[in-house]
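What follows is a single structure, written as structure tokens, with notes after it.
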Amino acid sequence: MFTGIVEELGEVVAVESLGDSSRIRLRGPLVTEDARHGDSIAVNGVCLTVVETADGEFTADVMAETLKRSSLGGLGPGSRVNLERPLKADGRLGGHLVQGHVDGTGVILGRERSEHWDVVTVSLPAGLSRYVAAKGSITVDGVSLTVVEAGDDFFTISLIPTTLALTTLGFKTAGDPVNLEVDVLAKYTERLLAHTATPDLRERA
1 MFTGIVEELG
11 EVVAVESLGD
21 SSRIRLRGPL
31 VTEDARHGDS
41 IAVNGVCLTV
51 VETADGEFTA
61 DVMAETLKRS
71 SLGGLGPGSR
81 VNLERPLKAD
91 GRLGGHLVQG
101 HVDGTGVILG
111 RERSEHWDVV
121 TVSLPAGLSR
131 YVAAKGSITV
141 DGVSLTVVEA
151 GDDFFTISLI
161 PTTLALTTLG
171 FKTAGDPVNL
181 EVDVLAKYTE
191 RLLAHTATPD
201 LRERA
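In the working numbering, the protein residues as written are 1 to 205.
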């Protein structure tokens, strides 16, 4: 489990195609200082399992399903990425509950720059809009953010100077893809309500 508070702006060192998957090597001295084989690290909001670490770098295998459902397939050497280690049991939940399971990808439609913050508009894939609400939480490329405006096929977010300086969202431009994870509480609530509205047929027997 993550919080969407990015710890480090890392960099892709190499990408090796394995046919139905890829092995990616990334530089992240901070997140690898206590990482071991089998640990999890979120890369642009995608939870990946560490294969090995060495000299401030780590490798992870990315299966075809992940490449298809996220923007990780478009990464190459030199690409900058948001990195976060899992939340410790005694840690602070600074953002919101983030699983690292991407629900879909959006595209940055535009950004309005002001003196102290940027307002960014992001497209919203069909089927996800029902989980997004104004003043609710959403994860964009692994960053926990508050929704400003929620439309049927878009939403807007405001980025403060810290987010602009320390995450990939500071340099993304119109047309760039981003990974989206909606609030898991909204998904579970929908699932529970669906079962409540349709009684189990076994109870009628």
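Every residue gets a Cβ at the ideal spot worked out from N, C-alpha and C, and that includes glycine.
Apart from sequence neighbours up to five positions away, the residues of its chain that approach T156 with a beta-carbon distance below 7 Å are V119, V120, T121, V148, E149, ordered along the chain.
Assignment of S21 by DSSP, reduced to helix, strand and coil, places it in the strand class. Proximity to R69 across G78, L109, C47 peaks at C47, based on C-alpha coordinates. For E65, the secondary structure class from DSSP, reduced to helix, strand or coil, is helix. The DSSP assignment places 161 to 166 as complete runs of the alpha helix (DSSP H) inside the region 103 to 166, in order along the chain (cut-off: 4 residues). A distance below 7 Å separates the beta carbons of V12 and L26. The three-state secondary structure of L87, taken from DSSP, is coil. With a cutoff of 7 Å on beta-carbon distance, A174 and G110 are scored as near each other. Beta-bridge pairing by DSSP links V98 to F2.
The C-alpha of G73 lies about 21 Å from the C-alpha of R85. Looking at the DSSP output, S40 sits in a beta bridge with T49. By the Cβ criterion, the region 89 to 103 is not in contact with the region 161 to 178, since fewer than three pairs of Cβ atoms, one from each stretch, lie closer than 8 Å. Looking only at V81, G100, G127, the smallest Cα-Cα distance to L87 is reached by G100. Going by beta carbons, S144 and G4 fall inside the 7 Å limit. Cβ contact annotation for V102 (same chain, cutoff 7 Å, sequence separation greater than five): G45, V46, R69, S70, N179, L180, E181, in chain order. In this structure, the beta-carbon distance from T53 to A35 falls below 7 Å. In this structure L75 is not in contact with I41, their Cβ atoms being roughly 14 Å apart against a cut-off of 8 Å. In the displayed model, R191 falls within a helix according to three-state DSSP.
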